[in-house]
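Heads up, the thing below is written out as structure tokens.
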Amino acid sequence: MKHLATVIALCVILGAPVWAATKTVTLFVPGMTCSTCPVTINKALKKLSGVEKIDIKFEQKQAVVTYDDAKTNVPALIKATTDAGYPSEEKQGK
């Protein structure tokens with residue numbers, strides 16, 4: 059029984075990267091009001107492990123973030139912008 063549990067644990071640990079997926083989310087950041095805001099938001103998001111690409115759209119008050127969902131998630135992205143002084147929310151729909 060110990061052997062079976064060890065094999066299952068190894069499969070879960072080694073198989074985790076297979077389940078990971080690159081995802082993209084658009085965050086609405088209403089407090090983005092000046093040209094330095096995108097720099098601060100970009101720095102905050104870059105600190106998160108798993109963030110692969112950030113595209114700040116100042117005029118639309120949006121941050122489009124591509125990330126590895128095995129390393130981070132949308133609530134963590136929102137927390138990062140909020141902790142930097144820019145509360146955000148996931149933009150729904152198109």
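With this note's numbering as the guide, the letters of the sequence shown map in order to residues 59 to 152. C-beta: ideal position from N, C-alpha, C; glycine also.
Check: For Q120, collect the residues of the same chain with a Cβ closer than 8 Å to its Cβ; drop the 5 residues on either side in sequence, then sort them by chain order.; Outcome: T84, L85, F86, V87, I114, K149
Check: So, L103 versus V132, is the Cβ gap smaller than 9 Å?; Outcome: no
Check: Within 10 angstroms of its Cβ, does A24 collect 16 or more other Cβ (buried), or is it exposed?; Outcome: Beyond the ends of the chain as shown, which are 59 and 152, falls residue 24; an answer cannot be given.
Check: Among the candidates K81, E117, P145, T130, whose CA atom is the shortest distance from the CA of K105?; Outcome: T130
Check: Take the Cβ of V109 as the centre, count every other Cβ of all protein chains shown within 10 Å, and call the residue buried at 16 or more, exposed below.; Outcome: buried
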